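Numbering (the working numbering), first residue to last: 6 to 107. Scroll down for the structure; my scribbles are underneath it.
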Amino acid sequence: MKLEQLYQDYNELSSEEKLYFISQYRQRRSEDLRKEVVGKKGKKSNTVELTTAEKLLLKTLGITQKDLKALKAMQESLPEPEESEEDVAVLFDESNILLEDN
């Protein structure tokens, strides 16, 4: 089937059919304009934006951005350590061996 055969020739339509065609087009167009346009989202880059100081630090430590990203992912996956009241009490206990003078 050719494209020409999908639609009737507008010039051959009667005036009533032309009015109907135009009203249908306007209705369809207004509905399309009311719909929200969904655009494609760009891909996020895998690299982290670093300052020059951070880049220098990475170079000094011999770490790549890929390693830094892996470390951050590992850090996020680990649960936060919870301090109990007993742990805090041990730190401030006067009989603690660490606080004794040698």
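Just so it is clear, CB atoms sit at the ideal spot from N, CA and C, and this is done for glycine as well. All values reported here derive from a predicted model rather than from experimental measurement.
**Asked** Assuming L63 contacts L73 under a Cβ cut-off of 8 Å, what Cβ separation, rounded to an integer in Å, is found between them?
**Response** The pair is a contact, with the Cβ atoms about 7 Å apart (cut-off 8 Å).
**Asked** Which of helix, strand or coil does DSSP assign to K93?
**Response** Here residue 93 is Val; the residue named in the question, Lys, does not match the sequence. Helix.
**Item:** Delimiting residues of the alpha helix (DSSP H) encompassing Q32
**Value:** Per DSSP, Q32 is one residue of the alpha helix (DSSP H) stretching across S20 to R39.
**Asked** Going straight from the alpha carbon of G47 to that of L83, what length do you get?
**Response** The alpha-carbon atoms of G47 and L83 are separated by roughly 30 Å.
**Message:** In whole angstroms, give me the CA-to-CA distance for R31 and K49.
**Reply:** So the two alpha carbons sit approximately 39 Å from each other.
**Where Q80 sits in the DSSP three-state scheme** = Helix at Q80.
**Item:** Q10 and E22 closer than 9 Å at C-beta
**Value:** E22 sits away from Q10, with the two beta carbons spaced by 9 Å or more.
**Asked** By how many angstroms is the C-alpha of R39 removed from the C-alpha of Q80?
**Response** Here the C-alpha atom of Q80 lies approximately 45 Å from the C-alpha atom of R39.
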